[in-house]
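Undergrad: In my numbering, the protein residues as written are 24 to 343.
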Ligand code: ATP
């Protein structure tokens with residue numbers, strides 16, 4: 024394979040730039056050309072791309088966001104859109120495509136592979152960590168670290184006023200950001216889509232912690248359940264404690280990627296190009312048990328994400 028395309032799609036995630044760099048430089052190492060496609064599948068349909076060189080990807084390893092920019096593109100869901108995307112690839116002589124994004128982006132890649140025979144490799148780039156086939160997605164670690172920083176600050180002020188802080192984190196339908204941020208920041212309670220909550224249990228846990236000598240409480244709520252504001256309203260009407268809502272919002276999508284995310288980016292990007300170089304497509308890369316793996320894209324997108332109940336129980340035991 025002599026010429027490949029590269030795009031970032033769906034929600035941006037810290038580490039995407041580091042992955043772009045790894046893809047471009049590995050490809051150049053193997054004598055391949057890389058075309059960087061702007062704004063995800065939209066740029067592919069509209070034929071917006073530029074050849075990337077060693078220096079095009081200088082000075083981005085430490086930056087959040089994505090140099091190629093990203094977009095959600097509804098046209099890619101239609102046959103016409105997909106045909107236009109394929110026509111662009113054929114016209115440009117691009118033989119394989121690396122897609123950095125979440126499960127939606129992988130579905131786009133799968134469709135190019137299945138219906139049009141374009142070899143594609145997916146790199147999991149999403150803060151949500153909602154893909155079952157990989158232990159971690161790119162951006163998750165940095166996003167959780169950002170949440171921890173915010174929660175640390177909230178704890179200071181909540182302690183002083185003896186308040187309860189309800190902190191909303193991202194993750195769409197997946198509770199992993201709430202789970203990991205909760206357990207590593209000492210939150211007493213997490214509320215996630217995977218586990219139905221009862222307000223009376225929340226209140227009795229808060230009471231127990233106060234009786235045990237705590238002066239404040241942190242409740243981390245995943246956006247897939249409800250907003251922090253709504254939860255705060257419900258809780259405030261049932262308790263004498265003062266409750267405050269904070270939505271961390273898009274802050275958790277930005278920022279310089281952590282070591283863990285930069286390392287994943289280097290390995291994922293490198294692996295993706297090595298696969299294409301060997302003529303292997305229709306795969307996604309990931310990490311499992313600390314090993315970089317690749318897997319059939321169709322199999323990967325059909326796996327249902329499982330929640331880590333053991334970690335949840337750990338939090339219940341140690342955070343009171
Ligand atoms: P994140 O998890 O961060 O939101 P994502 O990749 O899951 O990332 P989506 O908005 O679901 O984000 O998908 C990104 C893009 O992938 C869509 O805008 C669309 O262009 C393409 N896409 C999604 N689903 C399909 C599909 N079934 N067929 C073709 N293309 C798709």
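Even for Gly, the Cβ is constructed at its ideal location relative to N, Cα and C.
1. With three or more C-beta pairs closer than 8 Å as the rule, is the region 79–88 touching the region 42–50?
2. Since residue 298 and residue 123 are thought to touch, with beta carbons under 8 Å apart, how far apart are those beta carbons, to the nearest angstrom?
3. What residue range is occupied by the uninterrupted alpha helix (DSSP H) comprising residue 181?
4. Can you look up residue 74 in the DSSP assignment and give me helix, strand or coil?
5. Run through the DSSP bridge pairs and tell me what residue 308 is partnered with.
6. Tell me which residues share the same chain as residue 121 and place their Cβ nearer than 6 Å to its Cβ, disregarding the 5 neighbours each side in the sequence.
7. Of the residues 108, 168 and 155, which one's Cα is nearest the Cα of residue 140?
8. For residue 219 and residue 249, I'd like the C-alpha separation in whole angstroms.
9. What number of angstroms, rounded off, separates the C-alpha of residue 52 from the C-alpha of residue 310?
10. Skipping 5 residues on each side, what residues in its chain have a beta carbon closer than 8 Å to that of residue 175?
11. Where do the N-terminal and C-terminal ends of the beta strand (DSSP E) with residue 58 fall, by residue?
12. What are the uninterrupted segments assigned as alpha helix (DSSP H) that are 4 or more residues long and contained completely in the region 240–286, given in chain order?
13. For residue 56, which residues of its own chain have a beta-carbon under 8 Å away from its beta-carbon, when the five flanking residues on both sides are left out?
14. Could you tell me whether any non-hydrogen atom of the ligand ATP is closer than 7 Å to the CB of residue 199?
15. Closer than 6 Å by C-beta to residue 39: which residues in its own chain qualify, once you throw out the five before and the five after it? Chain order, please.
16. DSSP three-state label for residue 84, please.
17. At a cut-off of 7 Å, would you count residue 63 as near the ligand ATP, judging by its Cβ distance to the nearest heavy atom?
18. Please report the Cβ distance between residue 275 and residue 171, rounded to the nearest whole angstrom; I am assuming they are in contact, meaning their Cβ atoms lie under 8 Å.
19. Confirm the yes/no value for this check: CB of residue 92, any heavy atom of the ligand ATP, distance under 7 Å.
20. Is residue 88 near the ligand ATP, judged by its Cβ being under 7 Å from some heavy atom?
21. Taking three-plus beta-carbon pairs below 8 Å as touching, is the region 268–285 in contact with the region 156–166?
TA: Straight from the coordinates:
1. yes
2. Here residue 298 is taken as the residue at index 275 of the chain shown, counted from 1. Here residue 123 is taken as the residue at index 100 of the chain shown, counted from 1. With a Cβ gap of about 14 Å, residue 298 and residue 123 do not count as contacting.
3. Position 158 of the chain shown, counted from the first residue, corresponds to residue 181. 163–184 is the extent of the alpha helix (DSSP H) around residue 181.
4. Position 51 of the chain shown, counted from the start, is the residue given in the question as residue 74. Strand, per DSSP.
5. One-based indexing of the chain shown puts residue 308 at position 285. For residue 308, which the question treats as bridged, DSSP gives the partners 317.
6. Here residue 121 is taken as the residue at index 98 of the chain shown, counted from 1. So the list reads 29, 46, 144 and 295, once near-sequence residues are dropped.
7. Looking up residue 140 in the chain shown gives position 117. Taking only the C-alpha atoms, the option nearest residue 140 is 108.
8. Reading the chain shown from its first residue, position 196 is the one you call residue 219. Reading the chain shown from its first residue, position 226 is the one you call residue 249. Near 12 Å, if we compare the C-alpha coordinates of residue 249 and residue 219.
9. Taking the chain shown and counting its residues from 1, the one referred to as residue 52 is at position 29. Taking the chain shown and counting its residues from 1, the one referred to as residue 310 is at position 287. Whole-angstrom Cα-Cα distance: 23 Å.
10. Translated into positions along the chain shown, residue 175 becomes position 152. Cβ neighbours of residue 175 beyond the five flanking positions: 208.
11. For the purposes of this step, residue 58 is taken as the residue at position 35 of the chain shown. Residues 56–60.
12. 251–259
13. Taking the first residue of the chain shown as 1, we reach residue 56 at position 33. If we look at residue 56 and ignore the five residues flanking it on each side, its Cβ neighbours are 25, 26, 27, 50 and 74.
14. Residue 199 sits at position 176 when you count from the first residue of the chain shown. Flag unset: Cβ of residue 199 not near the ligand ATP.
15. Residue mapping note: residue 39 aligns to position 16 of the chain shown, counting from 1. Only 31, 89, 123 and 148 meet the Cβ criterion.
16. Locating residue 84 in the chain shown gives position 61, counting from the first residue. Note: residue 84 maps to coil in three-state DSSP.
17. Here residue 63 corresponds to residue number 40 of the chain shown, with the count starting at 1. Checking every heavy atom of the ligand ATP against the Cβ of residue 63, one is found closer than 7 Å.
18. As a first step, residue 275 is located in the chain shown; it is residue number 252 there, counting from the start. As a first step, residue 171 is located in the chain shown; it is residue number 148 there, counting from the start. Not really, about 10 Å apart at Cβ, beyond 8 Å.
19. The sequence position of residue 92 within the chain shown is 69, counting from 1. It does not: the Cβ of residue 92 is nowhere closer than 7 Å to a heavy atom of the ligand ATP.
20. Your numbering for residue 88 matches position 65 in the chain shown. No, the beta carbon of residue 88 sits no closer than 7 Å to any heavy atom of the ligand ATP.
21. yes
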